[in-house]
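Inspection log for the structure reproduced underneath, given as structure tokens.
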Amino acid sequence: MKIRPLADRVVIKRLEAEEKTKSGIVLPGSAKEQPQMAEVVEVGPGGVVDGKEIKMEVSKGDKVIFSKYAGSEVKIDGEEYTILRQSDILAVVE
Amino acid sequence: MKIRPLADRVVIKRLEAEEKTKSGIVLPGSAKEQPQMAEVVEVGPGGVVDGKEIKMEVSKGDKVIFSKYAGSEVKIDGEEYTILRQSDILAVVE
Amino acid sequence: MKIRPLADRVVIKRLEAEEKTKSGIVLPGSAKEQPQMAEVVEVGPGGVVDGKEIKMEVSKGDKVIFSKYAGSEVKIDGEEYTILRQSDILAVVE
Amino acid sequence: MKIRPLADRVVIKRLEAEEKTKSGIVLPGSAKEQPQMAEVVEVGPGGVVDGKEIKMEVSKGDKVIFSKYAGSEVKIDGEEYTILRQSDILAVVE
Amino acid sequence: MKIRPLADRVVIKRLEAEEKTKSGIVLPGSAKEQPQMAEVVEVGPGGVVDGKEIKMEVSKGDKVIFSKYAGSEVKIDGEEYTILRQSDILAVVE
Amino acid sequence: MKIRPLADRVVIKRLEAEEKTKSGIVLPGSAKEQPQMAEVVEVGPGGVVDGKEIKMEVSKGDKVIFSKYAGSEVKIDGEEYTILRQSDILAVVE
Amino acid sequence: MKIRPLADRVVIKRLEAEEKTKSGIVLPGSAKEQPQMAEVVEVGPGGVVDGKEIKMEVSKGDKVIFSKYAGSEVKIDGEEYTILRQSDILAVVE
Numbered sequence: 001m002k003i004r005p006l007a008d009r010v011v012i013k014r015l016e017a018e019e020k021t022k023s024g025i026v027l028p029g030s031a032k033e034q035p036q037m038a039e040v041v042e043v044g045p046g047g048v049v050d051g052k053e054i055k056m057e058v059s060k061g062d063k064v065i066f067s068k069y070a071g072s073e074v075k076i077d078g079e080e081y082t083i084l085r086q087s088d089i090l091a092v093v094e
Numbered sequence: 101m102k103i104r105p106l107a108d109r110v111v112i113k114r115l116e117a118e119e120k121t122k123s124g125i126v127l128p129g130s131a132k133e134q135p136q137m138a139e140v141v142e143v144g145p146g147g148v149v150d151g152k153e154i155k156m157e158v159s160k161g162d163k164v165i166f167s168k169y170a171g172s173e174v175k176i177d178g179e180e181y182t183i184l185r186q187s188d189i190l191a192v193v194e
Numbered sequence: 201m202k203i204r205p206l207a208d209r210v211v212i213k214r215l216e217a218e219e220k221t222k223s224g225i226v227l228p229g230s231a232k233e234q235p236q237m238a239e240v241v242e243v244g245p246g247g248v249v250d251g252k253e254i255k256m257e258v259s260k261g262d263k264v265i266f267s268k269y270a271g272s273e274v275k276i277d278g279e280e281y282t283i284l285r286q287s288d289i290l291a292v293v294e
Numbered sequence: 301m302k303i304r305p306l307a308d309r310v311v312i313k314r315l316e317a318e319e320k321t322k323s324g325i326v327l328p329g330s331a332k333e334q335p336q337m338a339e340v341v342e343v344g345p346g347g348v349v350d351g352k353e354i355k356m357e358v359s360k361g362d363k364v365i366f367s368k369y370a371g372s373e374v375k376i377d378g379e380e381y382t383i384l385r386q387s388d389i390l391a392v393v394e
Numbered sequence: 401m402k403i404r405p406l407a408d409r410v411v412i413k414r415l416e417a418e419e420k421t422k423s424g425i426v427l428p429g430s431a432k433e434q435p436q437m438a439e440v441v442e443v444g445p446g447g448v449v450d451g452k453e454i455k456m457e458v459s460k461g462d463k464v465i466f467s468k469y470a471g472s473e474v475k476i477d478g479e480e481y482t483i484l485r486q487s488d489i490l491a492v493v494e
Numbered sequence: 501m502k503i504r505p506l507a508d509r510v511v512i513k514r515l516e517a518e519e520k521t522k523s524g525i526v527l528p529g530s531a532k533e534q535p536q537m538a539e540v541v542e543v544g545p546g547g548v549v550d551g552k553e554i555k556m557e558v559s560k561g562d563k564v565i566f567s568k569y570a571g572s573e574v575k576i577d578g579e580e581y582t583i584l585r586q587s588d589i590l591a592v593v594e
Numbered sequence: 601m602k603i604r605p606l607a608d609r610v611v612i613k614r615l616e617a618e619e620k621t622k623s624g625i626v627l628p629g630s631a632k633e634q635p636q637m638a639e640v641v642e643v644g645p646g647g648v649v650d651g652k653e654i655k656m657e658v659s660k661g662d663k664v665i666f667s668k669y670a671g672s673e674v675k676i677d678g679e680e681y682t683i684l685r686q687s688d689i690l691a692v693v694e
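Chains as they are written, first to last, in the numbering used here: chain A, 1 to 94; chain B, 101 to 194; chain C, 201 to 294; chain D, 301 to 394; chain E, 401 to 494; chain F, 501 to 594; chain G, 601 to 694.
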């Protein structure tokens with residue numbers, strides 16, 4: 001089974017704390033909006049969203065930092081994913 | 101009797117828990133916005149909505165994930181449906 | 201006496217519960233936004249509304265589902281009507 | 301003395317309850333936004349408002365239904381008027 | 401000393417109650433947004449404001465009705481003025 | 501050290517009460533939004549801001565009236581400045 | 601490891617109080633929105649953001665003043681960074 005996100009949406013899988021530590025990224029416990037790290041699993045086609053042309057800038061497999069409270073969570077085949085808009089992705093970690 | 105949704109609206113029928121389990125999708129009980137799974141029953145014609153050209157990307161019979169709090173519920177001939185905008189549909193499950 | 205709605209407004213007359221039952225539509229008593237069924241009585245000319253070209257998609261006599269809290273109520277010659285924007289109409293029932 | 305409304309504004313004079321009854325219009329006492337009936341006294345020139353071309357659709361002498369809470373009240377030469385935007389006028393009664 | 405308002409701003413001087421009475425305008429003490437009467441002292445050049453072309457429709461010396469809560473007050477050379485946007489002026493009294 | 505404001509931002513230095521008195525401007529202590537007087541210290545380049553072409557209308561040395569609650573304060577080399585958008589400047593005093 | 605910010609986002613590293621003092625900038629402890637000083641570490645490519653063409657005006661190594669509550673914090677390889685939009689940067693200090 002496969003999720004095909006619509007428009008400018010992206011399906012991501014959150015990275016576990018251990019993976020974050022291995023990759024050297026630690027997210028602080030402040031009261032501010034906390035970004036999270038995840039891996040991109042599926043990318044929507046982009047196109048015209050709200051009358052604006054959106055070009056997708058992330059690809060499957062990218063490690064990304066995204067806003068903690070963005071998106072919706074869904075569990076498929078026992079795995080948890082988050083579906084969010086590309087504009088909720090802050091940066092790609094290379 | 102048939103519902104003809106206007107503009108970018110879509111009529112969907114929520115999938116029961118058993119169907120979700122059979123299809124391998126389980127929705128977690130978190131405090132965040134919870135997506136739901138449904139089958140598309142009717143699709144509006146799209147066209148110009150709020151001055152923006154909307155092209156319909158979903159089709160009758162598609163299994164879709166949508167925002168739990170989106171749309172309006174209506175019961176027709178004993179069946180419950182939800183009418184929502186296409187932009188409230190997050191992804192198609194294939 | 202006749203009401204001529206301006207712009208993208210539509211005058212509708214709510215259908216009584218009995219009519220809804222006869223037509224097979226029952227509206228559930230949930231806490232969510234509840235759609236209502238009504239018959240279209242008058243349709244505005246459409247045209248440019250908020251700088252956007254609006255084409256009217258409903259016609260006199262259409263049975264429509266609309267958002268419960270949309271529009272303004274008015275009583276004319278002893279009959280109650282609701283005046284709302286076409287965008288508050290969710291679907292036409294055929 | 302004469303009021304010349306700017307842009308898409310309209311000066312109206314509310315019709316008294318007796319006039320409403322004579323004309324067959326009664327406004328219900330519900331908790332919802334209540335439309336009111338009035339006669340158009342002056343009409344602004346329209347033109348570009350908020351960057352959008354507004355064409356005036358009402359004329360002096362029109363009986364109109366408008367949103368109760370719209371506009372500002374002013375008393376001139378002992379007469380009370382309301383100044384509102386044309387978009388706050390719901391319909392013309394003919 | 402002279403105030404040169406920027407863009408679509410207008411400098412006005414409120415008319416005293418006596419002047420209002422002389423000119424036949426009385427403003428009611430209702431709970432709704434109350435318009436006020438004033439004389440236009442300085443008019444900005446208009447031009448592009450928020451990406452929209454604004455043409456100034458009022459002139460120095462015009463008696464205008466404006467929204468009570470609009471604008472900012474300033475005292476210059478012992479005189480109190482209000483600086484507001486032209487869109488907060490409802491009508492010109494002639 | 502020099503501050504180079506971005507886009508349509510302006511760096512201003514508030515005028516002290518004495519300077520205001522000397523220049524004949526007194527700002528009233530009302531409950532409404534209170535404009536303040538200041539001198540323009542640095543002016544951003546303008547250009548496209550939020551997709552709209554902004555032309556700078558104020559110059560270094562201009563005495564301006566601005567909204568009290570607009571902008572951010574910063575202290576540089578012991579001097580306090582305010583950085584705000586040009587649209588928060590109400591008028592130039594000449 | 602490197603952060604590649606998307607669109608109009610910028611990665612900055614806050615300057616410590618000592619660095620601010622050395623550079624002559626002191627930020628006051630007022631109740632208003634407080635700008636902060638930081639050094640630009642990475643700059644996104646700009647391009648079309650929300651349908652508007654954004655050109656990046658800051659460069660790696662720039663000392664910038666930004667809104668205190670803007671952006672998201674992230675710790676990478678033991679260093680804390682803030683990711684924000686260029687429009688949250690008020691000025692460059694030269």
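All C-beta atoms, glycine included, are put in the ideal place defined by N, C-alpha and C.
From a predicted model like this one, the values you see are computed outputs, not experimental measurements.
Residue i and residue j closer than 9 Å at C-beta
| i | j | result |
| --- | --- | --- |
| leucine 15 of chain A | alanine 38 of chain A | yes |
| glutamate 42 of chain A | alanine 191 of chain B | yes |
| arginine 604 of chain G | valine 93 of chain A | yes |
| aspartate 508 of chain F | valine 540 of chain F | no |
| glycine 51 of chain A | glycine 651 of chain G | yes |
| valine 264 of chain C | isoleucine 283 of chain C | no |
| serine 487 of chain E | glutamine 436 of chain E | no |
Outcome for residue i when other beta-carbon atoms lying within 10 angstroms are tallied against a minimum of 16
| i | result |
| --- | --- |
| tyrosine 181 of chain B | buried |
| glycine 78 of chain A | exposed |
| glutamate 533 of chain F | At glutamate 533 of chain F the pLDDT is 45, less than 50, meaning the model places this residue with poor confidence; the figure from the coordinates comes in the next sentence. Label assigned to glutamate 533 of chain F: exposed. |
| methionine 401 of chain E | exposed |
| valine 349 of chain D | buried |
Span of the beta strand (DSSP E) around residue i
| i | result |
| --- | --- |
| glycine 75 of chain A | In the sequence under discussion, the amino acid at residue 75 of chain A is lysine, which differs from the glycine named in the question. Where lysine 75 of chain A is concerned, the enclosing beta strand (DSSP E) stretches over 72-76. |
| tyrosine 181 of chain B | 179-185 |
| lysine 313 of chain D | 309-314 |
| proline 205 of chain C | 203-205 |
| lysine 60 of chain A | Lysine 60 of chain A -> no beta strand (DSSP E), and no H or E assigned at all. |
| lysine 452 of chain E | 452-454 |
| glycine 447 of chain E | 447-449 |
Original post:
Is it true that the stretch 651-665 of chain G meets the stretch 63-80 of chain A, where meeting means three or more beta-carbon pairs spaced less than 8 Å apart?
Top reply: no
Original post:
When you check each C-beta in the stretch 461-479 of chain E against every C-beta of chain F, which residues fall closer than 9 Å?
Top reply: Tyr469, Gly471, Ser472, Glu473, Val474, Lys475, Ile476, Asp477, Gly478
Subject >> chain D contacts from the stretch 232-253 of chain C (Cβ-Cβ distance under 9 Å) >> reply: Only Glu242, Gly244, Pro245, Gly247, Val248, Val249, Asp250, Gly251, Lys252 from the stretch 232-253 of chain C bring a Cβ to less than 9 Å from some Cβ of chain D.
**OP:** Below 9 Å between beta carbons is the criterion; list the residues of the stretch 301-312 of chain D that meet it against any residue of chain E, in chain order.
**Re:** Met301, Lys302, Ile303, Arg304, Pro305, Leu306, Ala307, Arg309, Val311
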